[in-house]
Structures are given as structure tokens and as C-alpha cells.
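Numbering (this note's numbering), first residue to last: 1 to 193. Written below as C-alpha cells is the structure these notes are about.
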Amino acid sequence: MRPVILCGGSGSRLWPLSKPKQFQKIFSQNTMFHNTLLRLKSDYMPPIIATNIQYESLVMEELHVLQEYKVIFEPVKIGTAAAILIAALLCNENETMLILPSDHFIGDLNSFYASAQKASKLASETNSIVTFGVKPHEFNSEYGYINAVYDQKEKCHIVKDFTEKPECKLSNDHYWNSGIFVFRGCPETSKRL
1 MRPVILCGGS GSRLWPLSKP KQFQKIFSQN TMFHNTLLRL KSDYMPPIIA
51 TNIQYESLVM EELHVLQEYK VIFEPVKIGT AAAILIAALL CNENETMLIL
101 PSDHFIGDLN SFYASAQKAS KLASETNSIV TFGVKPHEFN SEYGYINAVY
151 DQKEKCHIVK DFTEKPECKL SNDHYWNSGI FVFRGCPETS KRL
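Right, dumping it as C-alpha cells:
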């Protein structure tokens, strides 16, 4: 599985007081980006990191933990979908891609790894785009939500739709959109992004 780390966020909520969240030491002595790199250090293909050129020095100073990697430096902010499509062009079409933000805290790494493997298998076998949802413990209008229903046959939830930053509380079959996706890097899948 080929990790694609999205590291170009502007951190507008923290600006101008500090660097973007992915370059902050919030949950440990490492930056969130550094912890993301450590999570992917073994059992994965070398990652592709997509970031804005203005973060070049911040990204490069963290990459010493990896032996191999590719970096896409965006000359201007191009957005998530465009960054993913450029990364897909750097992958073999048979590779399964694990798209993930660089600023997440993941407490239970074993569950994350097991979920990533299950998602990779499902994406490879069905040519689906698999997303990770998080069961909300409270309503938060700052997050996007996934409306999903459980499919007994596939033993997973099937996404019905997305709601971006809703104004009111949604039903119990909604999950926070984590921004983590798994899919094959083939042209058929890329067209559906």
C-alpha cells in the first residue's frame, strides 16, 4: 500500500500566531507530521508527501526518519483532489493508495493498521473508494459528516452521502469524515474522485 500524506493545509485557525497544525507538537514531543511519518515507517511502500512549497523547509527537516519518499511541492495551493490526482500519477496503477492527512492523532495504532489492511483488501477486490469514518462523541459543525449504512454482505458500511459542516445535529448513522481514503490508483478509480 502506498501512503499519500496530505501536508499542505494552511492552518488558518492558528494563523498568524503559529505554524499550521501538522507542524505543531500537540500530542507528543514530535510534530503531528513527524508522528504520521513514524506510523508509516514500516509495512508500507515509501510515501508520497503532497505539500505547499512554502512548507518545504518544515517538511524536509522531518523526513530524516524515512529512507525513501517522494515529495510533491505545490507552487500554489491546489486543493485536496488535485494533490491526490498528482500523487496517483506517480503510482503504479495496481498500487493501492492510502490517503491521509498529516495532522491526525491516532491513539489505537493496532486498530488503525488492521482497518487500513481491511480497507486495502476491499478496495483492491471491489475497485471501490474506501473511507474511514469516526463515530462522533458529540456534534461538531466544524467537521464533515458521512452518512453510511451497514451492509451485511460486504461486512462494512456503504456511504450514502457526505454533508460538509452541517448546521444542525445529524442522525446516529452519520460519522465524522476523517479524510482518510483507500483506493487503487487506476484510471477508473481516479475518475470517481
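For each residue, glycine too, the CB sits at the ideal point set by N, CA and C.
With three or more beta-carbon pairs closer than 8 Å as the criterion, would you say the stretch 52–68 touches the stretch 146–156? no
Within 10 Å of its beta-carbon, does Ser102 have 16 or more other beta-carbons around it, so buried, or fewer, so exposed? In the sequence shown, residue 102 corresponds to position 102, counting from 1. It counts as buried.
Could you pull the DSSP bridge partners for Arg2 from this structure? Taking the first residue of the sequence shown as 1, we reach residue 2 at position 2. Its beta-bridge partners are Met97.
From the DSSP secondary-structure annotation, give me the bridge partner or partners of Asn147. Taking the sequence shown and counting its residues from 1, one reaches residue 147 at position 147. In the DSSP output, where bridge partners are listed per residue, Asn147 has Asp161, His174.
Ignoring anything shorter than 3 residues, give me the beta strand (DSSP E) runs that lie fully in the stretch 18–94, in order along the chain. 48–52, 70–74
Any contact of the stretch 16–27 with the stretch 52–59, i.e. 3+ C-beta pairs under 8 Å? yes
Between the Cα of Val130 and those of Glu68, Ile49, Leu6, Asn177, spot the shortest distance and give me the residue it belongs to. Residue 130 sits at position 130 when you count from the first residue of the sequence shown. Cα-wise, what sits closest to Val130 is Asn177.
Is Pro75 buried or exposed, if buried means 16 or more other CB atoms sit within 10 Å of its CB? Reading the sequence shown from its first residue, position 75 is the one you call residue 75. Exposed, by the Cβ-count rule.
So what does DSSP say about Phe139, is it helix, strand or coil? Position 139 of the sequence shown, counted from the first residue, corresponds to residue 139. Here Phe139 sits in coil by DSSP.
Taking Glu138 and Lys165 to be in contact with their CB atoms under 8 Å, please state how far apart those CB atoms are, rounded to whole angstroms. As a position in the sequence shown, residue 138 is number 138, starting the count at 1. As a position in the sequence shown, residue 165 is number 165, starting the count at 1. Their Cβ separation, rounded to whole angstroms, is 15 Å, which puts Glu138 and Lys165 out of contact at 8 Å.
Chain-order list of residues whose beta-carbon lies under 6 Å from that of Ser120 (same chain, five-residue window excluded): Against the sequence shown, residue 120 aligns to sequence position 120. Contacts found: Met1, Thr96, Val182.
Quick check on Phe181: does DSSP put it in helix, strand or coil? Within the sequence shown, the letter at position 181 stands for residue 181. Reduced to three states, the DSSP call for Phe181 is strand.
Near Leu38, what residues of its chain come up, given a Cβ to Cβ distance below 8 Å and the 5 sequence neighbours on each side ignored? Along the sequence shown, one-based indexing puts residue 38 at 38. Once the five neighbours on either side are set aside, the close Cβ partners of Leu38 are Asn30, Val65.
Rounded to whole angstroms, what's the CA-CA distance from Asp45 to Ser28? Just pull it up for me. On the sequence shown, position 45 is the one that residue 45 refers to. On the sequence shown, position 28 is the one that residue 28 refers to. Before going on, a small fix: residue 45 reads as Met here, not Asp. Roughly 25 Å separates the two Cα atoms.
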